[in-house]
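> Chains as they are written, first to last, in the working numbering: chain H, 1 to 296; chain V, 1001 to 1140.
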Amino acid sequence: MKARQIRRRIKSVQSTQQITKTMEMVAAAKIKKAQARIEAARPYALKMVELLEDVSAFTTDFTHPLLEKHEPPKKSLLLLITSNRGLCGSFNSNLIKKTDLILKREKEAGLETKLGVVGRKGINYYRFAGPNPYKEFVFGEEPSYFEVKEVADFLIDEYVQWKADRVILVFNHFKSLSEQRPIEYRLLPIGEAEAEEKREARTEFLFEPKAEEVLSSLLPIYIETLVFRACLESAASEQAARRLAMKNATDNAEEMIKSLTLAFNKARQAQITQEIAEISTCAEAIKYIEERKRGG
Amino acid sequence: MHPSQRKLYCQVITPEKVVYSDEVDMVVATGIDGEFGILPLHTPLIALLKIGELRVKKGENQEYIAVHGGYLEVLEDKVTVLTEAAELASQIDVERAKKAREEAERKLSEEGVSSEDLEKARRSLEKALLRLKVSSRKPR
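1) Rounded to the nearest angstrom, what separates residue 78 (chain H) and residue 108 (chain H) at their Cα positions?
2) Can you grab the Cα-Cα spacing for the pair residue 158 (chain H) / residue 150 (chain H), in whole Å?
3) If I follow the unbroken beta strand (DSSP E) through residue 1061 (chain V), where does it start and stop?
4) May I have a chain-ordered list of the alpha helix (DSSP H) segments no shorter than 4 residues that lie completely inside the region 178 to 258 of chain H?
5) Would you mind telling me which residues of chain V sit closer than 7 angstroms to residue 41 (chain H), beta carbon to beta carbon, in chain order?
6) Quick check: residue 1049 (chain V) and residue 1069 (chain V), are their CB atoms within less than 7 angstroms of each other?
7) Taking C-alpha atoms, which residue in H:260, H:86, H:114, H:180 lies nearest to residue 302 (chain H)?
8) Run through chain H and tell me which residues come within less than 9 angstroms of residue 1073 (chain V), C-beta to C-beta.
9) Just tell me which of V:1058, V:1063, V:1041, V:1047 has its CA closest to the CA of residue 1086 (chain V).
10) Nearest to residue 1135 (chain V) by alpha carbon, out of V:1092, V:1121, V:1113, V:1127?
11) Specify, as a first and last residue, the run of the alpha helix (DSSP H) that residue 101 (chain H) falls within.
12) With distances taken Cα to Cα, identify the nearest neighbour of residue 102 (chain H) among H:38, H:146, H:124, H:171.
13) From the DSSP output, read off the bridge partner residues of residue 1035 (chain V).
14) If we ignore side chains and look at the alpha-carbon of each, how far apart do residue 1060 (chain V) and residue 1006 (chain V) end up?
15) Under 7 angstroms Cβ-Cβ, which residues of chain V neighbour residue 209 (chain H)?
16) Round the Cβ separation of residue 263 (chain H) and residue 6 (chain H) to the nearest angstrom and send it over; I've been treating them as touching at under 8 angstroms.
17) Could you round the C-beta distance between residue 112 (chain H) and residue 75 (chain H) to whole angstroms and report it? I think they count as a contact, below 8 angstroms.
18) With DSSP run on the structure shown, which of helix, strand or coil describes residue 1055 (chain V)?
19) Is there contact between the region 18 to 36 of chain H and the region 240 to 248 of chain H, where contact requires at least three CB pairs shorter than 8 angstroms?
20) Under 7 angstroms, do residue 1012 (chain V) and residue 1081 (chain V) count as touching if we go by C-beta distance?
21) Assuming residue 92 (chain H) and residue 121 (chain H) form a contact by the criterion Cβ under 8 angstroms, report the distance between their Cβ atoms to the nearest whole angstrom.
22) Tell me whether the beta-carbon of residue 1077 (chain V) lies closer than 7 angstroms to the beta-carbon of residue 1008 (chain V).
23) Kindly list the residues whose CB is nearer than 7 angstroms to the CB of residue 239 (chain H), restricted to its own chain and excluding five residues on each side of it in sequence; keep chain order.
24) Whose C-beta lies closer than 7 angstroms to the C-beta of residue 260 (chain H) among residues of the same chain, with five residues either side of it excluded?
25) Taking residue 46 (chain H) as the reference, give the member of H:253, H:58, H:182, H:222 with the closest Cα.
26) If we require 3 or more residues per run, which beta strand (DSSP E) segments fall completely within the region 252 to 295 of chain H?
27) With DSSP collapsed to three states, give me the class of residue 114 (chain H).
28) Would you kindly report the start and end of the unbroken beta strand (DSSP E) that includes residue 1021 (chain V)?
29) Find the nearest neighbour of residue 255 (chain H) within the set H:224, H:2, H:16, H:4, judged by alpha-carbon distance.
30) State buried or exposed for residue 274 (chain H), treating a residue as buried only when at least 16 other CB atoms are found within 10 Å of its CB.
31) In angstroms with no decimal places, state the Cα-to-Cα distance between residue 1053 (chain V) and residue 1074 (chain V).
32) State yes or no: is the beta carbon of residue 214 (chain H) nearer than 7 angstroms to at least one beta carbon in chain V?
33) Can you pull the chain H neighbours of residue 1082 (chain V), defined as C-beta to C-beta under 7 angstroms?
34) Indicate whether residue 214 (chain H) and residue 49 (chain H) have their beta-carbon atoms separated by less than 7 angstroms.
35) Under the assumption that residue 1024 (chain V) contacts residue 1037 (chain V) (Cβ atoms under 8 angstroms), give the Cβ distance between them as a whole number of angstroms.
Printed below as a string of structure tokens:
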């Protein structure tokens, strides 16, 4: 390759590197924010569980459509939480792989399966590859509680109207900055362990209205907080995955620039050597001609 | 300690953040059967809240908080309010609330609106009215 061509390559790689570097830094800043949102959601979630335990300690023979088991299960509803944008490494592809496995598993178990999808990436994939999404949601980079509530209420409706016998969330769990992995979480029916955990009452509470009424209104909200938590984790995971992907891209660009620079120097050297050879050949030739003239 | 010297620790928590957290003298909330007040040494209580105002008295000052339903728990002089959304009077966007009220009123007066949308409009009207009410309270 000519030196000039190589130089052009280097320039283009450099400008790509600038972009990936910027994206890396932007993602790093966004992770901090997303992590802070997870932290900020914790007090509510913890208190909610406490309240649930306190209230359920005072109810006996409590029944609620959300606690009711649908036996045997025939219909399964999956909710997949993907991102809206790409350039985040294997964030979405791992999630889709996992979802495909679950879809296959549910099918083999003889269950009719519906797929709810959050995020443009997942929606586009399943519209193309199938099964077509049963319900689609798209919300911003920082999902608000009210946006997520809509999703949770949809899932609850499906369950209590017996359109789904179980509901499974599939999303990227934010384990740490360097580790996010797709997990599946059974949202409904509410697990036996959670519902049956009758703790000794902390104290004798007064209820306003009756404990049963308080509990029935609490259950849907509990589901909402679980879905909200999943969405927050997914948002943080997306940024972490993007930061890593962009860091790798930046590093790769660096390496490419190094090897291209090496090639460029070699090419330039070769060009100079060639030019010198041409000049000295020319000089020799002229000398020879002049000697011939004088001699002749 | 004399009962009048006792304080309540009041927290208002939403899924997105802790909106209010302070030591106070008295809390007045809007329960589903009307307003009720909480003073120190109150018996343990778990109550459902309506979309309504929460008043927090601290010495001579009163803070008004718009609380969009939820739960109130009293335990050992701690008052915890769990709610989907809450705003201090000073944080309320009055213009937005007015717009939301107009929007909701328009929806409610229209014909042929589905009952689901009607219910939605009613709720958002209720919230807008609450916001306007709370924001009009002068801090004392």
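Just so it is clear, CB atoms sit at the ideal spot from N, CA and C, and this is done for glycine as well.
The short version:
1) 15 angstroms
2) One C-alpha to the other measures close to 12 angstroms.
3) 1061 to 1075
4) The region 178 to 258 of chain H contains these whole alpha helix (DSSP H) runs: 192 to 196.
5) In chain order: 1015, 1016.
6) yes
7) Residue 302 (chain H) is absent from the model: chain H starts at 1 and stops at 296.
8) 47, 50, 51, 54, 205
9) V:1063
10) It is V:1092 whose Cα lies nearest to the Cα of residue 1135 (chain V).
11) 91 to 108
12) Of the listed residues, the one whose Cα sits closest to residue 102 (chain H) is H:171.
13) V:1030
14) Distance between the alpha carbons of residue 1060 (chain V) and residue 1006 (chain V): 16 angstroms.
15) Result: 1032, 1048.
16) With 8 angstroms as the limit, residue 263 (chain H) and residue 6 (chain H) qualify as a contact, their Cβ atoms being about 6 angstroms apart.
17) 5 angstroms
18) strand
19) yes
20) Residue 1081 (chain V) sits close to residue 1012 (chain V), with the two beta carbons spaced by under 7 angstroms.
21) That pair is a contact at about 4 angstroms.
22) yes
23) 27, 30, 31, 34
24) Once the five neighbours on either side are set aside, the close Cβ partners of residue 260 (chain H) are 6, 9, 10, 13.
25) Of the listed residues, the one whose Cα sits closest to residue 46 (chain H) is H:222.
26) none
27) Note: residue 114 (chain H) maps to strand in three-state DSSP.
28) 1018 to 1024
29) Measuring from the Cα of residue 255 (chain H), the nearest candidate turns out to be H:16.
30) Residue burial is scored here from C-beta neighbours: residue 274 (chain H) has fewer than 16 other C-beta atoms within 10 angstroms and is therefore classed as exposed.
31) Approximately 17 angstroms between the Cα atoms of the pair.
32) yes
33) 44, 47, 48, 51
34) With contacts defined by Cβ atoms closer than 7 angstroms, residue 214 (chain H) and residue 49 (chain H) do not form a contacting pair.
35) Contact flag wrong, Cβ pair sits at about 12 angstroms.
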